[in-house]
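Protein chains: 2
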Amino acid sequence: MITYNAPIDDMIFLFEKLRDNKHYNEIKKYNEINSNLARDILGQAAKITENLILPLAKAGDDTPCVLENGVVRTPPGYKKVYEKFIQDGWTSLTCDPKYGGQGIPKTISIFFDEMLSSASLSFKLYSELSVGAYNCIFCHGSDSIKKKFLPKIVEGKWSGTMCLTEPICGTDLGLLKTKAIEQKDGTYKLSGQKIFITSGDHDLTENIIHLVLARTPDAPSGTKGISLFLVPKIQVKEDGSLGSKNKVSTGSIESKMGIKGSATCVLNFDESIGYMIGPKNKGLNSMFTMMNLERIVVGIQGLGISEIAYQNALIYAKERKQGKSNNNKTTNGADLIIDHVDIKRSLLNMKSIIEGERALSFWLAQQIEVSLYHSNNKIKQEATDLVSLMTPVVKSLFTEMGMEITSDAMQIFGGYGYTKDQGIEQLYRDNRITPIYEGINAVQSIDLVFRKLFISNGHVIEQYIESIRKEIKKNQSEIKIKPFAEKLNHYLEILVNFTNWIKTNIKEHKDNVSAACNDYLKVLGLVAIAFSWLKVLEVTYKELKNNKKFFENKIETANFFFNRVLPRIDAYYNSAVSGSKYIMNFKFD
Amino acid sequence: MITYNAPIDDMIFLFEKLRDNKHYNEIKKYNEINSNLARDILGQAAKITENLILPLAKAGDDTPCVLENGVVRTPPGYKKVYEKFIQDGWTSLTCDPKYGGQGIPKTISIFFDEMLSSASLSFKLYSELSVGAYNCIFCHGSDSIKKKFLPKIVEGKWSGTMCLTEPICGTDLGLLKTKAIEQKDGTYKLSGQKIFITSGDHDLTENIIHLVLARTPDAPSGTKGISLFLVPKIQVKEDGSLGSKNKVSTGSIESKMGIKGSATCVLNFDESIGYMIGPKNKGLNSMFTMMNLERIVVGIQGLGISEIAYQNALIYAKERKQGKSNNNKTTNGADLIIDHVDIKRSLLNMKSIIEGERALSFWLAQQIEVSLYHSNNKIKQEATDLVSLMTPVVKSLFTEMGMEITSDAMQIFGGYGYTKDQGIEQLYRDNRITPIYEGINAVQSIDLVFRKLFISNGHVIEQYIESIRKEIKKNQSEIKIKPFAEKLNHYLEILVNFTNWIKTNIKEHKDNVSAACNDYLKVLGLVAIAFSWLKVLEVTYKELKNNKKFFENKIETANFFFNRVLPRIDAYYNSAVSGSKYIMNFKFD
Numbered sequence: 001m002i003t004y005n006a007p008i009d010d011m012i013f014l015f016e017k018l019r020d021n022k023h024y025n026e027i028k029k030y031n032e033i034n035s036n037l038a039r040d041i042l043g044q045a046a047k048i049t050e051n052l053i054l055p056l057a058k059a060g061d062d063t064p065c066v067l068e069n070g071v072v073r074t075p076p077g078y079k080k081v082y083e084k085f086i087q088d089g090w091t092s093l094t095c096d097p098k099y100g101g102q103g104i105p106k107t108i109s110i111f112f113d114e115m116l117s118s119a120s121l122s123f124k125l126y127s128e129l130s131v132g133a134y135n136c137i138f139c140h141g142s143d144s145i146k147k148k149f150l151p152k153i154v155e156g157k158w159s160g161t162m163c164l165t166e167p168i169c170g171t172d173l174g175l176l177k178t179k180a181i182e183q184k185d186g187t188y189k190l191s192g193q194k195i196f197i198t199s200g201d202h203d204l205t206e207n208i209i210h211l212v213l214a215r216t217p218d219a220p221s222g223t224k225g226i227s228l229f230l231v232p233k234i235q236v237k238e239d240g241s242l243g244s245k246n247k248v249s250t251g252s253i254e255s256k257m258g259i260k261g262s263a264t265c266v267l268n269f270d271e272s273i274g275y276m277i278g279p280k281n282k283g284l285n286s287m288f289t290m291m292n293l294e295r296i297v298v299g300i301q302g303l304g305i306s307e308i309a310y311q312n313a314l315i316y317a318k319e320r321k322q323g324k325s326n327n328n329k330t331t332n333g334a335d336l337i338i339d340h341v342d343i344k345r346s347l348l349n350m351k352s353i354i355e356g357e358r359a360l361s362f363w364l365a366q367q368i369e370v371s372l373y374h375s376n377n378k379i380k381q382e383a384t385d386l387v388s389l390m391t392p393v394v395k396s397l398f399t400e401m402g403m404e405i406t407s408d409a410m411q412i413f414g415g416y417g418y419t420k421d422q423g424i425e426q427l428y429r430d431n432r433i434t435p436i437y438e439g440i441n442a443v444q445s446i447d448l449v450f451r452k453l454f455i456s457n458g459h460v461i462e463q464y465i466e467s468i469r470k471e472i473k474k475n476q477s478e479i480k481i482k483p484f485a486e487k488l489n490h491y492l493e494i495l496v497n498f499t500n501w502i503k504t505n506i507k508e509h510k511d512n513v514s515a516a517c518n519d520y521l522k523v524l525g526l527v528a529i530a531f532s533w534l535k536v537l538e539v540t541y542k543e544l545k546n547n548k549k550f551f552e553n554k555i556e557t558a559n560f561f562f563n564r565v566l567p568r569i570d571a572y573y574n575s576a577v578s579g580s581k582y583i584m585n586f587k588f589d
Numbered sequence: 001m002i003t004y005n006a007p008i009d010d011m012i013f014l015f016e017k018l019r020d021n022k023h024y025n026e027i028k029k030y031n032e033i034n035s036n037l038a039r040d041i042l043g044q045a046a047k048i049t050e051n052l053i054l055p056l057a058k059a060g061d062d063t064p065c066v067l068e069n070g071v072v073r074t075p076p077g078y079k080k081v082y083e084k085f086i087q088d089g090w091t092s093l094t095c096d097p098k099y100g101g102q103g104i105p106k107t108i109s110i111f112f113d114e115m116l117s118s119a120s121l122s123f124k125l126y127s128e129l130s131v132g133a134y135n136c137i138f139c140h141g142s143d144s145i146k147k148k149f150l151p152k153i154v155e156g157k158w159s160g161t162m163c164l165t166e167p168i169c170g171t172d173l174g175l176l177k178t179k180a181i182e183q184k185d186g187t188y189k190l191s192g193q194k195i196f197i198t199s200g201d202h203d204l205t206e207n208i209i210h211l212v213l214a215r216t217p218d219a220p221s222g223t224k225g226i227s228l229f230l231v232p233k234i235q236v237k238e239d240g241s242l243g244s245k246n247k248v249s250t251g252s253i254e255s256k257m258g259i260k261g262s263a264t265c266v267l268n269f270d271e272s273i274g275y276m277i278g279p280k281n282k283g284l285n286s287m288f289t290m291m292n293l294e295r296i297v298v299g300i301q302g303l304g305i306s307e308i309a310y311q312n313a314l315i316y317a318k319e320r321k322q323g324k325s326n327n328n329k330t331t332n333g334a335d336l337i338i339d340h341v342d343i344k345r346s347l348l349n350m351k352s353i354i355e356g357e358r359a360l361s362f363w364l365a366q367q368i369e370v371s372l373y374h375s376n377n378k379i380k381q382e383a384t385d386l387v388s389l390m391t392p393v394v395k396s397l398f399t400e401m402g403m404e405i406t407s408d409a410m411q412i413f414g415g416y417g418y419t420k421d422q423g424i425e426q427l428y429r430d431n432r433i434t435p436i437y438e439g440i441n442a443v444q445s446i447d448l449v450f451r452k453l454f455i456s457n458g459h460v461i462e463q464y465i466e467s468i469r470k471e472i473k474k475n476q477s478e479i480k481i482k483p484f485a486e487k488l489n490h491y492l493e494i495l496v497n498f499t500n501w502i503k504t505n506i507k508e509h510k511d512n513v514s515a516a517c518n519d520y521l522k523v524l525g526l527v528a529i530a531f532s533w534l535k536v537l538e539v540t541y542k543e544l545k546n547n548k549k550f551f552e553n554k555i556e557t558a559n560f561f562f563n564r565v566l567p568r569i570d571a572y573y574n575s576a577v578s579g580s581k582y583i584m585n586f587k588f589d
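Protein chains in written order, with my numbering: chain A, 1 to 589; chain B, 1 to 589.
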C-alpha cells in the first residue's frame, strides 16, 4: 500500500529562507502572508491530502469513471471527499477575495498543487481545470460574466474545463472546426466535437463551465480565426440560479493507461448556447492565459508524483532484505537493500532531482506573482518574460524526470513493483500522461527554442544567464560552495555556447535547430535546477548549525546533483551540435 | 490497431553478410544451414507471427488469464494458436534431433525470438520457458530423465517453468526455504511456496514440467546448499504416459501492469514428488545454464517490442497531419508529422538503436553457437567467456532501450498514445517487465562489473577491447568509414579508461565501483552496438550498388547512432568517476 507524508519541512524551508525575490517582497498585498500562515495552510493541506485524498488514487484505478445513461459517475469516494474539499475552501485558495477567494499567493499554493498531485492526480484534475477556467474568465471575461460565474467556481460548486482538442487537431489548433454562430441576442450557438476533455462531465458539481475554442463563420482560417466561448453545461439565469440543460452531451469517455479516476470525455456541442470571452478571433491568446499557468502546474504534477514514488521506494528499501552489502560484517542472512550502494545511489538521484525541482518551482512561483501583481510595469514584464521562458522547461523536464523517478522506484520494488498490489506501478502509469497533455513535450521544446529564446531579441535568456553568472561569482569566494559554483560555471558555459549555436543556425540551418530543441530544453532545465541548488546551498552553509542533519543531507544531495545529474548536459550538447544532415538525408518511405 | 511486418530484409542481410565469425563457420553441423533455408524459415515465422500471434496480444490484454477452480485459463484464442504453433514445429526449432528437434542454430532462432516478442510477449512466454527447461534438462539431466521428458517438451505437448523466486527472495536466492526430502526410492518430496512463476499453470499443454530450486535437510546455508529438482505437474509413468496429479497447486495469479495474457503464478508445493537434476547442492549452477540463455532472450524481447513500436509510430507519422514543417511551401493546411524534423529525429533514434542491437545480437548468436558446439575446447571457452560478458549487457541495455523506444513511440501518437484503443501503450506496459524479470537490471550490472570483468583475470574484456581496436584500425584507411571508426575509437578509449578506473577502485574503494556499475554497463553496451554498426558499415560500403536505398539508409542510420546515441557515454562516464563519498555520507533515516 502506498503511503504519503507531505514534505512540509522542505516546503517551509523554501518559504522561510528562499523568498529572496525582492520584487515579490514588494507586492504589498502579500506582506502579511508569513511563515506562520504558510505553516498553518500547509499543515491543513497535508491532513486532507494524506488522509482523505490519498485513498482516492487506488479507488479510481480499481473502479474507473463510467458513463451511464449519458452521465459520468466518478469513482467511489470522490463525491464525499470533494464536498469536504470545497467546504474547507480549497478551491478558493488562490482566487480573488472579490469573488470569495482567499488571495493566497502561488508561493504557498504551488506546494498544495504538489501535495494534491502526490496524493491523487485523478482527483486533483477535477479542481485544477476549474482554477484554469477561473483565471481565464477573470482575465478576459466581462464584468457581468465574472459576476455571474466566478463566485460559484471559486466556491467549488461549479467546475470548469478547457475544450481545445478535436479529432483532427491537438498540437495544431489552427485546424479546428467547431463553429459558433452569433444569435440576435448576442449569444452564440456552438456546434462541433471536442475530445480529450478532462472533467468534461462528472457528478461532483452542480454545473460545469466549458471554455471552448471555436470559429465564427466569417473568421479567417488558421489560428487567427479562433475565438473563445463560455458554454455552461446547464444554463444560468440572470439571478444566477440554474436554468435548463444546454445542448452539450458526452459521447464517450476514454479508456486510458492511467489516471482512470479522471473522466476524459468526448463532448458533442449541438447548437449549444455560449458567450464570447475576450475579443473575437483572439481566442487562442485568451486561452493561453490559462494554458501557460496550467503547463507549469503539469510540471508540478510530475514533481508531486516523483515525491510520493521516492517516499515509497525509500520505505520499501528500509524493509526489504536481500543480498550482502559491501560493508556487511555478518556471515549469515541478508542486508536491508538500503545498505546496498546502488540502491542508495538510485534514491539519492531521485531526491536530488526532486528537491532541486521544488526549489526551482518556488523561485518560479515568486516570478509568477511578480508578473501578475507588481506595480511597476517594466518589472512585471521582465517577470512575465522569465515565466514564459521557464514554462516549457518546467512542464517538460519535471514530467520526464517523473517518468525516470517512478520507473526507478518500481525497480527498487523488484518483481513486486510490476504487480498492482503495491501501487507503485500506478504512479508510473498515472504520471505517463504528463509528458503528453497540455502540449506534448517535444512541442514545448520547439516553443522554447523558436519562440521563447527570442522574446525581446533574446533579452530574456541573456538576462537569465547573467543572473546565474552573478550568483556564481558571489559564491566563488566561499570556500565550501566554490566547487559547486565552478561546476555550474562549466555547464553554464555549455549553455551559452549552445544558445549561440542556436542563434547562428536558426538563420540558415533551421533543421539543425529543430533537431536540437529537446536537448536544449534539457540543458537549460538542468542548469536552472543547479542554479536553484546553488541558492539552497548558500542558505545551507549559513544555517548549518541550526538544523545539522537537515542541512548536512542537503549538502550531500546537492553534491549528487552536481556530480551525477548535471553531467547529462555533456551528452545532450555533444549530440545536438552534430546537426541534422543525416536526419534529413534519410528516406522514410 | 497495431500492425506488424517482420523485418526480414534486415535479418536476411545479417544472416547473409555478417555470418563472419570463422569459428562459427567451422561448426560442421551448420554447413547446410544456408540463406535459402534461413529465408524459408523466417518467411514461415513471419506468417504465423503476423497473422495468428499478433492478435493474441490485444486479446490477452483485454481478457487476462484467470484462475478458476484451481485451474488457469489462458485468454481467448491462445489455445487454438498454440495448437497450430506446435503442429508447425516451432517449439522444436533449436532442439536436438535426437529428441525430435530440428537443430536450427541461434543465428536463425534469435530472429524468431524477436518476431515472437514483437507479436505477443505474453504468448511467447508459454513456449520460451519450455526452451529454457529443455536446455537445462538436456545439459544436466540423466539419460533416463532426458528420454522421459525431452521428446514431449520438444513436441510442445508439455511445457516448462523455472521456479526460483520465493516471497522472501528473488535476487538473493541464498535465502530460499523450499525443502526437498529424499525418499527411499531416490525421489524427493518438495514443500514450499514459489512466486512469480511464469506459465506456472495454464491450459495449453497436457503437462507442465517445473524446474525447482530447493534445499535438502542436510544442505549448507546460502547458495551453496541449493539443489535443482524436476517436478512434473502430472506424474509420468515409466512408459511415458501420464499418471496421477502431483501435489502442486496454484495459489493465485498476479494482477500486473502488463503481459496480462501470461499467467504469473504463486505455486504451492506440498510434498510434491520430484527428481534431482545434476549434482546435489549445485542446483544454482545447473539453473544458470538456463538463466543465462534466458537473459539474452529477455534482451531480445526488448528489441522485438522496440521494433513493433517503431513500425507503428512510423505508420502513424505518415498518416497524421499537424502543423507546418520547416520546408513547407503551402500556405494552408498541415503537413504530415513525418515531415517535422523532430519526428524524423525521434524515429531515427529508434531505428539506429534497433538495427544496431539486432546486429549485436546476431554477432552474439554466433558466439553462443561456438560456445556450445565448437570442437576445440579453448575456442569454446573463449566464446563462453564472451557470451558471459555480454549477457548482462544485452539483457539490461536492450530492455531499457525498449522502454525509451516504446515511450517515444507513444509520444508520436500524442493524446491517442495514452488511450487503450491505439494499442501503443500496451507495448510500453508489456515491455516494462523486461528490466525487472530474469534478474533486475541493476543486479545485471553488478554481475557484469564484479564478476564478468574479472573472468580469467580480466582477460575477456581485454580481448574484446582488442578485437574492437583491430576493427577500427582496419577501417581507418577506408576514407568513408574513417569518421565512424574515429568516433568509435574516441569512445573506446573512454571504455578503456573506465575499465582501468574500476580495476583501480575495486581494491580499496569498492563503494565507488558499486555506484558506477550501471554506468559502466551502458558504456560497454553502447560501444558494443557501435562495434556492430562498424561491421555493418563495412559490408554496406562494399555492397552499396547492389541495393542502393537499403544501404544508403543504413549509412544515415549509422550516422545517427554515432553522432547522437554514442555521446551518451560522456554523461555516464563523467558522472560515474565522481565516486561515492557523498552517497555514503548521506543519512537515510
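Idealized CB from N, CA, C, for every residue including glycine. These numbers come from a predicted model, not from an experiment.
Per-residue burial, aspartate 408 (chain B) [other beta carbons within 10 Å of its own, 16 or more giving buried]: Classification for aspartate 408 (chain B): buried.
Which of helix, strand or coil DSSP assigns to methionine 1 (chain B): Three-state result, methionine 1 (chain B): coil.
Measuring straight from C-alpha to C-alpha, what distance separates lysine 507 (chain B) and lysine 351 (chain B)? The straight-line gap from Cα to Cα measures roughly 40 Å.
Shortest alpha-carbon distance to tyrosine 310 (chain B) belongs to which of B:Leu348, B:Val298, B:Thr289? Ranked by Cα distance from tyrosine 310 (chain B), the options B:Leu348, B:Val298, B:Thr289 are led by B:Leu348.
Tell me whether aspartate 9 (chain B) counts as near the ligand ADP, meaning its Cβ is closer than 7 Å to at least one heavy atom of that ligand. The model depicted lacks the ligand ADP and carries no ligand whatsoever.
Is the beta carbon of valine 536 (chain A) sitting closer than 8 Å to the one on leucine 18 (chain A)? Taking 8 Å as the Cβ cut-off, valine 536 (chain A) and leucine 18 (chain A) qualify as a contacting pair.
Which residues in chain A sit within 8 Å of phenylalanine 596 (chain B), going by Cβ to Cβ distance? Only positions 1 to 589 of chain B appear in this structure, which leaves residue 596 (chain B) out of reach.
Classify glycine 70 (chain B) as buried or exposed, calling it buried when 16 or more other Cβ atoms lie within 10 Å of its own Cβ. Exposed is the call here.
With distances taken from CA atoms, which of A:Asp9, A:Pro105, A:Thr74 is nearest glutamine 366 (chain A)? The shortest C-alpha separation from glutamine 366 (chain A) is found at A:Pro105.
Under the DSSP definition of a beta bridge, which residues are partnered with cysteine 169 (chain A)? According to DSSP, which records beta bridges pairwise, cysteine 169 (chain A) is partnered with A:Glu166.
8 Å Cβ cutoff met for valine 72 (chain A) and threonine 250 (chain A): Yes; because the gap between Cβ atoms is below 8 Å, this pair is in contact.
Go ahead and pull the three-state DSSP assignment for glutamine 381 (chain A). Helix at glutamine 381 (chain A).
Start and end of the beta strand (DSSP E) containing tyrosine 590 (chain A)? The shown model of chain A, from 1 to 589, leaves out residue 590 (chain A), and the question about it has no answer.
The stretch 375-388 of chain A / the stretch 455-470 of chain A touching (three or more Cβ pairs under 8 Å): Enough Cβ pairs lie closer than 8 Å, so yes.
Among A:Asp589, A:Thr3, A:Tyr30, which one has its Cα closest to the Cα of glutamate 599 (chain B)? Lying before the first or after the last residue shown, residue 599 (chain B) is absent from chain B, which here runs from 1 to 589.
Exposed or buried, asparagine 518 (chain B), counting other C-beta atoms within 10 Å across all chains shown (16 or more means buried)? Answer is buried; the Cβ neighbour count reaches 16.
Closest by CA to valine 539 (chain A), which one among A:Thr499, A:Asn585, A:Lys480? For valine 539 (chain A), the nearest C-alpha among the options comes from A:Lys480.
Between the beta-carbon of threonine 171 (chain A) and the beta-carbon of serine 191 (chain A), is there less than 8 Å? Against a cut-off of 8 Å, the Cβ pair of serine 191 (chain A) and threonine 171 (chain A) comes out as no contact.
Under 7 Å Cβ to Cβ from tyrosine 416 (chain A), same chain only, skipping five residues before and after it: list those, please. Excluding residues within five positions, the ones whose Cβ falls inside 7 Å are Gln422.
Validate contact between the stretch 115-127 of chain B and the stretch 21-35 of chain B using beta carbons, cut 8 Å, 3 pairs: The stretch 115-127 of chain B is not in contact with the stretch 21-35 of chain B.
8 Å is my cut-off, CB to CB: does phenylalanine 450 (chain B) come that close to chain A? Chain A places no beta carbon closer than 8 Å to that of phenylalanine 450 (chain B), leaving this residue out of the contacts.
Beta-carbon proximity check, isoleucine 273 (chain A) vs threonine 187 (chain A), cutoff 8 Å: Yes; because the gap between Cβ atoms is below 8 Å, this pair is in contact.
Using beta-carbon positions only, say whether proline 483 (chain A) and serine 445 (chain A) come within less than 8 Å of one another. In this structure, serine 445 (chain A) does not lie closer than 8 Å to proline 483 (chain A) by Cβ.
Which residues of chain B have a Cβ atom closer than 9 Å to the Cβ of lysine 587 (chain A), listed in chain order? Lys549, Glu552, Asn553, Glu556, listed in chain order.
Does serine 375 (chain A) come out as helix, strand or coil in the three-state DSSP assignment? Three-state result, serine 375 (chain A): coil.
Starting from alanine 46 (chain B), find everything on chain A with Cβ-Cβ shorter than 7 Å and list it in chain order. Contacts between alanine 46 (chain B) and chain A, judged by CB atoms closer than 7 Å, are missing: the closest CB pair is about 21 Å apart.
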